[in-house]
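Residues in the sequence shown are numbered from 269 upward in steps of one, following my numbering. For every residue, glycine included, the Cβ atom is placed at its ideal position computed from N, Cα and C. The structure presented is a predicted model; accordingly, all values stated were derived computationally and were not measured.
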Amino acid sequence: MRLYDAHNHLQDPRLGPDVSPLVAQAAQEGVVRMVVNGSCEEDWPDVLALARKHAEVIPSFGCHPWYVKERTPHWRDVLTRTLDEVPSAIGEIGLDRWIKDYDLPAQEEVFVWQLRLAAERDLPVSIHCLQAWGRLLELLEANPCPGCGFLLHSYGGPPEMIPALAKLGAYFSLPGCFAHERKERQRETFRHVPPDRLLIETDAPDQLLPDERNRHPLTDPSSGKPINHPANLRAVHDFAAELLGEPVEPLAIRVGENFQRLFGHFLSAP
Ligand SMILES: [Zn+2]
Numbered sequence: 269m270r271l272y273d274a275h276n277h278l279q280d281p282r283l284g285p286d287v288s289p290l291v292a293q294a295a296q297e298g299v300v301r302m303v304v305n306g307s308c309e310e311d312w313p314d315v316l317a318l319a320r321k322h323a324e325v326i327p328s329f330g331c332h333p334w335y336v337k338e339r340t341p342h343w344r345d346v347l348t349r350t351l352d353e354v355p356s357a358i359g360e361i362g363l364d365r366w367i368k369d370y371d372l373p374a375q376e377e378v379f380v381w382q383l384r385l386a387a388e389r390d391l392p393v394s395i396h397c398l399q400a401w402g403r404l405l406e407l408l409e410a411n412p413c414p415g416c417g418f419l420l421h422s423y424g425g426p427p428e429m430i431p432a433l434a435k436l437g438a439y440f441s442l443p444g445c446f447a448h449e450r451k452e453r454q455r456e457t458f459r460h461v462p463p464d465r466l467l468i469e470t471d472a473p474d475q476l477l478p479d480e481r482n483r484h485p486l487t488d489p490s491s492g493k494p495i496n497h498p499a500n501l502r503a504v505h506d507f508a509a510e511l512l513g514e515p516v517e518p519l520a521i522r523v524g525e526n527f528q529r530l531f532g533h534f535l536s537a538p
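This is how it looks when you write it as structure tokens:
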């Protein structure tokens with residue numbers, strides 16, 4: 269099986285200074301490509317270095333709503349210069365009203381600027397959204413979106429919004445953490461995602477699967493807390509197949525085709 273991770277953060281320091289063994293284990297599980305999302309100016313060089321080292325890595329650069337307050341006055345120049353270094357996507361960007369002390373006007377300004385850049389360059393963009401789905405839809409409708417489409421990572425919005433988002437070019441990615449009992453609403457929403465718009469992600473090192481599904485237990489050495497291994501992508505596919513009531517092989521092929529449609533058009537064939 270050839271698997272495509274629509275969203276992770278391989279550069280996260282919790283995964284350690286050398287992720288080569290993790291990438292090798294993911295490859296053993298069938299992972300051929302992974303979109304690695306930078307989230308602030310500080311981690312963009314790390315994502316770039318990973319892209320230069322590992323053929324599996326599709327780099328993506330963006331200013332995440334959690335780090336909007338830390339951006340420097342030059343963040344736009346740094347972002348465009350970084351995007352020019354290697355073929356890359358834009359993200360992770362978005363809106364978040366779940367974190368405390370959020371500054372929504374600043375988040376919106378940063379989000380819209382990056383969305384428009386993605387549209388200008390026709391680059392796939394990865395979007396994070398928590399508790400701001402209505403506003404996100406308004407902004408997507410009021411601004412140009414990239415023709416190639418965009419990813420709503422860990423889609424947690426209402427099922428009713430899916431057709432309008434899909435019409436604008438949205439793909440929806442399912443994380444393993446939706447397998448937890450308490451995530452029933454989010455999990456059930458994925459039954460409404462059009463088959464040709466479904467993607468699957470680990471979001472490693474975050475969004476752990478429930479213990480019984482976690483095939484690659486991993487611990488953050490500095491905190492002793494469990495973290496998510498990128499090789500768990502296969503386990504997330506098993507969960508998706510159960511949820512949607514279809515065999516995992518054809519599901520993986522379809523998800524791979526969807527991934528290629530969104531992220532493959534400007535990258536070399538896997
Ligand atoms: Zn993320």
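{"query": "To the nearest angstrom, how far is it from the Cα of residue 282 to the Cα of residue 444?", "result": "19 Å"}
{"query": "Among the residues of its own chain, which have a CB less than 8 Å from the CB of residue 307, if the five just before and after it don't count?", "result": "277, 330, 331, 332, 334, 335, 360"}
{"query": "For residue 498, which residues from the same chain have a beta carbon less than 6 Å from its beta carbon, with the 5 sequence-adjacent residues on both sides left out?", "result": "276, 290, 294, 470, 472"}
{"query": "Using CA atoms only, rank isn't needed, just tell me which of 292, 340, 423 is closest to residue 324.", "result": "292"}
{"query": "Examine ligand 1 and report whether any of its heavy atoms sits within less than 6 Å of the Cβ of residue 310.", "result": "no"}
{"query": "At a cut of 8 Å, does the stretch 507 to 519 reach the stretch 482 to 492 through at least three beta carbon pairs?", "result": "no"}
{"query": "Within 10 angstroms of its Cβ, does residue 326 collect 16 or more other Cβ (buried), or is it exposed?", "result": "buried"}
{"query": "Please report the Cβ distance between residue 421 and residue 274, rounded to the nearest whole angstrom; I am assuming they are in contact, meaning their Cβ atoms lie under 8 Å.", "result": "7 Å"}
{"query": "Roughly how far, in whole angstroms, is the beta-carbon of residue 377 from the beta-carbon of residue 316, given that I think they are within contact range, below 8 Å?", "result": "Going by Cβ atoms, the distance from residue 377 to residue 316 rounds to 25 Å, so no, they are not a contact pair."}
{"query": "Starting from residue 526, follow the alpha helix (DSSP H) in both directions and report where the run begins and ends.", "result": "516 to 531"}
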